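Peer 1: Could you have a look at this structure, given as structure tokens, before my questions?
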Amino acid sequence: MHNLRTVTALGVAAPRIDRFDHITLAENDGLALASVAARLGKEAACHAALGNLLGGVPDIGRTILRDPEAGFWMGPEQWMIGAPRATHEHLADQLKERFGDAASITEQSGAWATFDVTGAMMREMSERLCNVPIRRMIAGDVQRTVIHQLGCFVIRREAEDHIRILGPRASAKNLHHALLTAALALA
Amino acid sequence: MRFSGLRVIKEALTGHKGWTPAWREPEPQARYDIIIIGGGGHGLATAYYLAKEFKQKRIAVLEKGWIGGGNVGRNTTIIRSNYLLDGNEPFYEMSLKLWEGLEQDFNFNAMVSQRGILNLIHSDAQRDAFIRRGNAMILNGADAEMLTTAQIKARYPFLNTDDARFPIKGGLAQHRGGTVRHDAVAWGYARGADSLGVDIIQNCEVTGFKIENGKALGVDTTRGFIGAAKIGCAVAGSSSRLMAHANMRLPIESHVLQAFVSEGLKPVLPGVVTFGAGHFYVSQSDKGGLVFGGDIDGYNSYAQRGNLPVVEDVCEGGMAIFPAFGRARLLRMWGGIMDMSMDGSPIIDKTHIDGLYFNGGWCYGGFKATPASGMCFAHLLARDAPHPNATAYRFDRFERGLLIDEKGMGNQPNLH
Amino acid sequence: MIINHPLLGPRDSAEFTYMGDARLIDRPDAGSDTAAQDFYDYGYLRDNPAGWHEELWFHEAGDRSWLVVTRNTLTHEISDVKLARDVARSRGRKL
Amino acid sequence: MTQKNRLAGGQINRAKTHKFMFDGKHYTGHAGDTLASALLANGVRLMGRSFKYHRPRGPLTAGSEEPNALVELRGGARQEPNTRATTAELYDGLLARSQNRIGSLRFDLLAVNDRLSNFLTAGFYYKTFMWPAAFWEKVYEPIIRHAAGLGSLSLKDDPDTYDKGFLHCDLLIIGAGPAGLAAALTAGRAGLDVILADEDFRMGGRLNSETHSLGDQSGADWAAATVEELASLPNVRLMARTTIIGAFDHGIYGAVERVSDHMHTPDAGKPRQILWRIYTKRTILAAGAIERPVAFENNDRPGIMLGSALRTYANRYGVAVDRRVAIFTNNDDGHRTAADLVAKGVKIAAVVDVREDAPRSLDYEVLHGEIKDTKGRLGLTFAEVRLADGTMRTLECGALGLSGGWNPNVHLTCHQRGRPTWNETLAAFVPGGMLPAGMTVAGAANGDMSTAAALRGGAKAAQNAMDLKGKLPSLPQAEDAPVNLKPFWYVEGCNRAWLDQQNDVTVKDVKLSHQEGYRSVEHLKRYTTLGMATDQGKTSNMGGLAIMAELAGKAIPEVGTTIFRPPYTPTAIGVFGGRHRGKDFHPTRLTPSHTWAEEQGAVFVEVGNWLRAQWFPRTGETTWRESVDREVLATRTSVGVCDVTTLGKIDVQGTDAAAFLNKVYCNGFAKLPVGRVRYGLMLREDGIVMDDGTAARLAEDHFVVTTTTANALPVYRHMEFVRQCLFPDMDVQLISTTEAWAQYAVAGPNSRKVLEQIVDRDISNDAFPFMACANVTVCGGLRARLFRISFSGELAFEIAVPMAYGDALIRRIVEAGAAFDITPYGTEALGVMRMEKGHAAGNELNGTTTAANLGMGRMVSTAKDSIGAILSRREGLNRADDLRQVGIKPVNPRDPVPAGAHLMNESGVIDAAHDQGYVTSACYSPNLGHAIALGFLKDGANRMGERMRLVSPLTGVNVDVEITSPHFIDPDGERLRA
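Residue numbers (the numbering used here), protein chains in the order written: chain F, 3 to 189; chain V, 752 to 1167; chain R, 17 to 111; chain B, 1148 to 2125.
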């Protein structure tokens, strides 16, 4: 086993948390990610594999939140699968075995920085950040959008006041800065 | 009537009774030697030079609305000749020289103001490219100077050099560049052409061409058929629509370019500044408004208006280099329709139809080109041969691969 | 502008990247004797209509679909939006 | 100074007194005042100077349409020029200065222009200042520029911040007057998502300015009560101090909320303003109407204002502009003003009405006639009346109310294709033509001038817009008076009668414009500047149009209007910029080794949005060249490491992956074996090089493609186009994985020895030859990708691990390389080595380069169809004397060969006509001991060894150079394969 240590997207050893009365902004460093794209003509098999992985095929704009794996729709015949890194360090390889030649699997763990935004002012905050109809979103809705010129996924989680934001990892510091600024502007 | 300071004083003392219309409002005649379609800057300039430099007679300019109502009346008024490619630079330098003598030539103060244009540099690669361009300008007889950041800061002390995302690493200046009072260009050419006998016919829209066995014989208009030996089309923005009447498809798309002006302010900007790491260029008019612009909206459009994302993009660029402009107020935004060509350069050429000539595809370089465009189009119409400075602006360059692509964006018009 | 994405519903056009006339889907046959002429026409000549226009938009900040949008260039009104891949197939594009 | 003109009543908070300062003098006002109402309360009528003639001016209006009372608000970096005193909310400590004057406001030296006005008529500057030519920039223009302009910018960075945001609703209601409030009640009670926006800080619109009652309440009280109910509805969002600036396509509206402008300074962290983009299904425009003045001689003196403004000041702010007021009207509105003022104890000198059938009154004198002229240098003192019978009469008054009728506020209906239509009864334009999709208009904005009609119209509009069933909410009784108006624009025989008060456009100027042939509205506007001031002609355009029509012998609608453009009122540029300022202009992308590189003291450089290490200075090194030379030499003699993560990476999978790459690359990929990498050249369809990179085949159906850093996104977009639009039935899937993998280049003769300590497999030359690739593990089990490719020309590898391990891996590599004194190198050294090796990069691939220019013409396969192949064969791209990439070195080793310099023949003329080519990239080669360059030269392939001149007149360079092969080092590539 190797002994290389990871750093979070913000470039430090432990995830950062910023707590305020109205908003809590927490980096989530525990996610392993891989995308699944159905092979042409193998869609049915791919859906079946998704089914027994997630208990269903995530619909357009939707997430299936299920432990340990969760998945959301990325594009036509394409999904992102997420799971705890602690147990799924090799998620892409695990998925390859499950999907065989029904899908193309691409490791995405390194590509994204993940932040959880919770708190009473979560809606006001997202209104200052991105063009998602946050007040109309229900649990499990996901939308790809732009935050501070960065392409991000915004996932509405179970809790009424909780969204999860996946943004490009190389710009994690900028994304965090944008989120923090918005939170402070609403304090 | 000749304009002069004395004349103004005389009229002032006699109740301004003596001023006469700047141009006549003639009825169209049945036939002309040369018809120019389009009463914008290029069309009016063409008519003016046809009459003045090429001694042509019986010329008419047909304008579907009011003269000067197109892009000559809705641009950011910048003139410059800081081009890179041999196909372009001599043409634009000729244009700049014509600007320099224009007002005395047509006896109308268009406020040609050579307060200089500065292109900011933000990376080493950009510097390399600008050095190549500056050299091309000088080798073509134009002026260019490389400025250090310190020199720039001395002229624009409020330029953001402290916490800039893309540091300013110098700039390429053309001191002979500047701005012109755009409406006055149309009016000056119109008045000049009119005084030389050119019929300027407003509210006369061309609805079709009369073409028989490969020869153009005249135009159908909302005011009847008008015959002509030669027909020159100068309707940039509507080129595809007009030439469709001649069953021509062009290497052109129409796109909207927005422009902006702020409330009047006491002088802050001496010259024109363009931001090399964003989409923003700005100058200040004599009335005090900051006149600025950026990129086209990017989608085909014939609506003379744009949308919010580009407004924001432009203002973000402005705030990035001039954070002091934050408290100036945007007064008005408008849109003009550009002939975006497939290589970003214009066309001044005969068509395959005998007697039908075309001038268009100016992208957003049209205003500064007005005098040279008029001179070269007049040359082509009068002599049936391209002006030496416009030989590259041919129709067949796309088919033959003789492209003039300043930006290197290829055959996607909205990227030029 | 708002583009009514066939899968995602209304989305701001700022999320998209524009390319131009949807005829760019109809790439000519490189093997034809008239290929040179065909590709010149394909690459350079445009109808550029003042009115309804079928055009290609890429959902860059979205699901990465290329769309064929039918939009009026005079009013900016949008009457129809399709997945370009479906359009390409319906126009018989093969390998 | 006391508030001598303060009356009783109004909606100000007298318990709260605010101190403020105007032109250095101290005054007091109350919460709920505007700067204008507070100054008027203090007896100050003179607030500004006009643009051209510098005439003394006071407020004409009490709203955002104000042309005259513009001031510089606040000081220091927060100075706001051209701020309307009529909308500037008073706060304690407010500071304002008058503007556009030399000397004091009372004695403005530039007032001399007014004396010269006969010379400074419309367009005079087009007729003179032409001789001598050189004088324009040097003499005339500087004088004009300094006289022109209005207020001044501080030229200090704006210290405030601005936010942007997005809102979504079912119904947007613009304007919170009677119509807007009724609409909001209707839709709000029905449970719809409603946004009600009003530019004012107090909702209610005219209800706050008028005295007539709604039911048993005053209009203002009804408005307050209604706002209170709306505020209690969770589905209604009330946005006061919010201007809808523009109606954009498909129901997107721009709105600016002034969060902090009514405060001394914004609270910490809070923005000054917010730009909201509002996405709505339906919109009701209830923006009311704007009263218009009448033109007569000297109608611009301080104290002369709209009748509706007099009422607003009296009823809403409890302010009498003067204790003695005259009225000039062509409709019943003037009498409403008189009645309100009488009720407030203000003396009415007389109501001058142009109508024979003017109503009579017991409370004030009504004169049938017109105002001929006025007196009063810095403020109105007398008004000259010409009675219908021709006799003259002088009225003593300090204020004069003008009521010329009302113009419905159609502005936003015209932002797209809407063009207003003429309404005879109102003698005004009302909404017409094609309105923005989903917009309806209600209330005075729609020409429904009475309060009752506005309430009804608003409720109905909401009901129709959202097709609500059931009956309208019960609405209070309100005045329902008809409009009795006699169109009247200007007084016969007047000359210097102001239409556009800010730009000093008079009736005379309009006549002159017509006389000189500028007869379309657009020509009139542009020639006289009518309506081009900061108020965009809200109070002046109609008068100008009416006179135009008369001169042209046309009806007003035939003359047409100029086009209304956004923004509705002038809007701070800062708010459009939002937070994208300074370092936040664009996001920054950091490489996985960034933290480590910082620890090494690296110097960073912006490459697109990436921040990359440019070089790694060491102690003792005084110039960047020293560092770069060391990094290059160390790499070529031992080993160096460089972060190459920024290269674009695209995962290409599927059974047709190889066939797909065969289409997007001009060279062949079908036969590339698994475990091998190949250089790929990508053309645009027009045959020009788009990008270059490598494609590594990790499995039969899996490639990893690299792109140049700059082109990562365009290339991905292009490949998706080819996949979805051109070959929709290929089984290929694309994913951009640029940021998923941290990738390092380890280069140099010792690179293998370093990596052998890290990679868990045999990487000997036989086991892992040049251009090999593989999925491997490193450091005892971490998944990784290994490529044996080289940009430097040395024996080299590129190794990639998941991003989260990037920091750990660079540290491990450096650790493992310590024995070989491994040297981190930056983009500069990278550049030097690729130039020494003759590799093309961004400077060469400039969007006009063909494969032939690069000497790769033969790579464009003729055996297959690939993107760009056909058009790349056009004659113009294949001329015998085409540019070819060459190497360039100075004849004298000490000479530079700078990029951007042009190549000329060894002898002969130096000009554009004799241009032979140019230098694309240049550097100093520490290995060769002199400068080297890559460039493009006409017929370059056949000119090896030729002597030429390299000139850069721009930077003063003129040196002799020799043309060489671009491969300065190891031309046969032995090192690569070592």
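Even for Gly, the Cβ is constructed at its ideal location relative to N, Cα and C.
Please read these numbers as outputs of a predicted model, since none were measured by experiment.
Out of B:L1354, B:G2015, B:R1673, which one is the CA nearest neighbour of B:L1830?
Peer 2: The shortest C-alpha separation from B:L1830 is found at B:G2015.
Peer 1: For B:L1676, which of B:G1664, B:M1982, B:Q1648, B:A1486 has the nearest alpha-carbon?
Peer 2: Rather than Leu, the amino acid found at residue 1676 of chain B in this sequence is Thr. It is B:Q1648.
Peer 1: Using only alpha-carbon positions, find the residue among V:I962, V:L757, V:G790, V:L836 that is nearest to V:S1096.
Peer 2: Of the listed residues, the one whose Cα sits closest to V:S1096 is V:L836.
Peer 1: Any idea what DSSP makes of V:L847, helix, strand or coil?
Peer 2: Reduced to three states, the DSSP call for V:L847 is helix.
Peer 1: Does any residue of chain V have a CB that is nearer than 7 Å to the CB of B:F1868?
Peer 2: Not closer than 7 Å to any Cβ of chain V, the Cβ of B:F1868 fails to qualify, so no.
Peer 1: Determine whether the Cβ of R:R43 lies closer than 7 Å to any Cβ atom of chain B.
Peer 2: Answer yes: the Cβ-Cβ gap between R:R43 and chain B drops below 7 Å somewhere.
Peer 1: Under 8 Å between beta-carbons, which chain R residues line up against V:L1001? List them in chain order, please.
Peer 2: In chain order: L61, R62, N64.
Peer 1: When you compare only the Cα positions, how much space is there between B:Y1812 and V:A1054?
Peer 2: Taking the straight line joining both Cα atoms gives about 39 Å.
Peer 1: Note down, in chain order, each residue of its chain lying with its Cβ closer than 6 Å to the Cβ of B:Q1890, except the 5 sequence neighbours on either side.
Peer 2: V1791, T1792, E1945, A1947, listed in sequence order.
Peer 1: Kindly confirm or deny that the stretch 1403–1411 of chain B and the stretch 1599–1607 of chain B touch, where touching means at least three C-beta pairs closer than 8 Å.
Peer 2: Touching, no, given that fewer than three Cβ pairs across the two stretches are closer than 8 Å.
Peer 1: Residues bridged to B:M1581 by DSSP?
Peer 2: DSSP output for B:M1581 lists B:R1564 as bridge partner(s).
Peer 1: Show which residues of chain F have a CB atom less than 9 Å away from the CB atom of B:D2117.
Peer 2: Result: empty, since nearest Cβ-Cβ is about 34 Å, beyond 9 Å.
Peer 1: Would you please verify whether the beta carbon of F:P78 is less than 7 Å from any beta carbon of chain B?
Peer 2: Output row for F:P78: interface = no.
Peer 1: May I have the straight-line CA-CA distance separating R:L40 from R:G59, to the nearest angstrom?
Peer 2: Spanning the two alpha carbons is a distance of roughly 8 Å.
Peer 1: Given 8 Å as the limit, is there contact between the stretch 1815–1825 of chain B and the stretch 1879–1890 of chain B, that is, 3 or more CB pairs closer than that?
Peer 2: Short answer: they don't touch.
Peer 1: Expressed to the nearest angstrom, what Euclidean distance is found between the alpha-carbon atoms of V:K920 and B:E1975?
Peer 2: V:K920 and B:E1975: Cα-Cα distance of roughly 17 Å.
Peer 1: Going by Cα to Cα distance, which pick from R:W82, R:G47, R:F55, R:R107 is closest to R:G29?
Peer 2: Residue identity differs from the one stated: residue 29 of chain R is Ser in this sequence, not Gly. With distances taken between Cα atoms, R:S29 lies closest to R:W82.
Peer 1: Scan the stretch 902–977 of chain V and note each continuous beta strand (DSSP E) run of 3 residues or more that stays entirely inside, going in chain order.
Peer 2: List check, beta strand (DSSP E) in window: 922–925, 950–952, 957–963, 966–972.
Peer 1: Could you work out which residues of chain B lie near F:P170, taking near to mean beta carbons separated by less than 7 Å?
Peer 2: Ordered by position in chain B, the residues that pass the 7 Å Cβ test against F:P170 are E1886.
Peer 1: Rounded to the nearest angstrom, what separates B:R1643 and B:D1651 at their Cα positions?
Peer 2: Each residue's alpha carbon lies about 9 Å from the other.
Peer 1: Check the Cβ of B:F1850 against every Cβ in chain R and list those closer than 8 Å, keeping chain order.
Peer 2: The premise fails here: B:F1850 is roughly 18 Å from chain R at the closest Cβ pair, so nothing lies under 8 Å.
Peer 1: Skipping 5 residues on each side, what residues in its chain have a beta carbon closer than 8 Å to that of B:G1250?
Peer 2: So the qualifying residues of the chain are L1256.
Peer 1: At what residues does the alpha helix (DSSP H) containing B:N1809 begin and finish?
Peer 2: It spans 1804–1811 - the alpha helix (DSSP H) in which B:N1809 sits, taken as one unbroken run.
Peer 1: Going by beta-carbon coordinates alone, are F:M127 and F:I25 separated by less than 7 Å?
Peer 2: It is a contact, given that the beta carbons lie within the stated cut-off.
Peer 1: Would you mind giving the Cβ-Cβ distance between B:L1326 and B:P1583, rounded to the nearest angstrom? I have them listed as a contact below 8 Å.
Peer 2: Correcting the residue type first, residue 1326 of chain B is Ala in the shown sequence and not Leu. That belief does not hold up - the Cβ atoms of B:A1326 and B:P1583 are roughly 18 Å apart, past 8 Å.
Peer 1: Taking C-beta pairs closer than 7 Å, name the residues in chain R that B:R1564 reaches, listed in chain order.
Peer 2: Under the 7 Å cutoff, chain R gives T91.
Peer 1: Would you kindly check if the distance between the Cβ of R:A52 and the Cβ of B:N1872 is under 7 Å?
Peer 2: What sits at residue 1872 of chain B in the sequence shown is Cys, not Asn. Going by C-beta atoms, B:C1872 is not nearer than 7 Å to R:A52.
Peer 1: Could you tell me the boundaries of the beta strand (DSSP E) in which B:Q1880 lies?
Peer 2: Element bounds for B:Q1880: 1880–1883.
Peer 1: Quick one, are the C-beta atoms of B:D2029 and B:V2106 less than 7 Å apart?
Peer 2: For B:D2029 and B:V2106, no; Cβs fall outside 7 Å.
Peer 1: Please name the residue, chosen from B:E1288, B:L1319, B:T1230, that lies closest to B:L1297 on a Cα-to-Cα basis.
Peer 2: The option with the nearest alpha carbon to B:L1297 is B:T1230.
Peer 1: Leaving aside the five residues before and after B:L1183 along the sequence, list all residues of the same chain whose C-beta is less than 6 Å from its C-beta, in chain order.
Peer 2: What sits at residue 1183 of chain B in the sequence shown is Ala, not Leu. Once the five neighbours on either side are set aside, the close Cβ partners of B:A1183 are P1206, A1216, A1232, T1233.
Peer 1: With 9 Å as the C-beta to C-beta threshold (strictly closer), list the residues of the stretch 880–914 of chain V near chain B in chain order.
Peer 2: Of all residues in the stretch 880–914 of chain V, A880, F881, I882, R883, R884, G885, N886, A887, M888, I889, L890, N891, G892, A895, E896, M897, P908, F909, N911, D913, D914 have a Cβ within less than 9 Å of some Cβ in chain B.
Peer 1: Could you check what DSSP says for V:C1114 in three-state terms: helix, strand or coil?
Peer 2: DSSP places V:C1114 in coil when its eight states are reduced to three.
Peer 1: Just to make sure I have the definition right: I need the residues of chain B whose C-beta is within less than 8 Å of the C-beta of R:F74. Which are they?
Peer 2: R1864, E1867, F1868, listed in chain order.
Peer 1: Would you mind telling me which residues of chain F sit closer than 9 Å to B:Q1747, beta carbon to beta carbon, in chain order?
Peer 2: Neighbours of B:Q1747 on chain F: none; closest Cβ ~15 Å, over 9 Å.
Peer 1: Can you give me the start and stop residues for the beta strand (DSSP E) that B:E2022 sits inside?
Peer 2: First-last for B:E2022: undefined, no H or E at that position.
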